[in-house]
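Everything below concerns the one structure shown next.
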Amino acid sequence: MKEIIFDFGDFIIDAELNESPTSQALYDQLPIDGVSQIWGDEIYFSTSISMENDEWAKETVELGDIAFWPPGSAICLFFGETPISAPGEIRPASPTNIMGKINGDLDKLKSVSSGAEVKVRKK
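Next comes the structure, spelled out in structure tokens:
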């Protein structure tokens, strides 16, 4: 597993990437900067990464998952339900490639606002 950091300025979140092709593409481009967007209890931000859905793609995700959303070339951090989630599930806008897991206090992510800068780097 590869370890990375999401730096939101006021706090840092540690994470681990899986061995998927999308995770490797992200890791190879680090460090990257982004501008946070909020959709329910999901933070996402656009990147220059271009990938299609891979064998790790899922229609629903788990709490703390890090994923890549191909239609928006975006990294997504899931810390709760999205506006289209049914009870008991976390559903992205469309299938996302699961890239890893957040290793930290997910409640900190609730303080992030749209427009907040995020820096992603290797740990």
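Residue numbers (my numbering): 2 to 124. C-beta atoms are modelled at their ideal positions from N, C-alpha and C, and glycine is treated no differently. These numbers were taken from a predicted model, which means no experiment stands behind them.
In whole angstroms, what is the alpha-carbon distance linking tryptophan 57 and isoleucine 14?
Their backbone Cα atoms lie some 23 Å apart in a straight line.
Figure out for me which residue from Cys77, Gly10 and Ser37 has the closest Cα to the Cα of threonine 23.
Comparing Cα-Cα distances from threonine 23 to each of Cys77, Gly10 and Ser37, the minimum goes to Cys77.
What would DSSP say about glycine 73, mapped onto helix, strand or coil?
Three-state DSSP puts glycine 73 in a helix.
I'd like to know whether the C-beta atoms of aspartate 66 and lysine 102 end up nearer to each other than 8 Å.
Closer than 8 Å, so yes.
Quick one: grab the DSSP three-state call for leucine 107.
If DSSP states are grouped into helix, strand and coil, leucine 107 belongs with the helices.
From the DSSP secondary-structure annotation, give me the bridge partner or partners of tyrosine 45.
Beta bridge pairing from DSSP links tyrosine 45 with Gln38 and Cys77.
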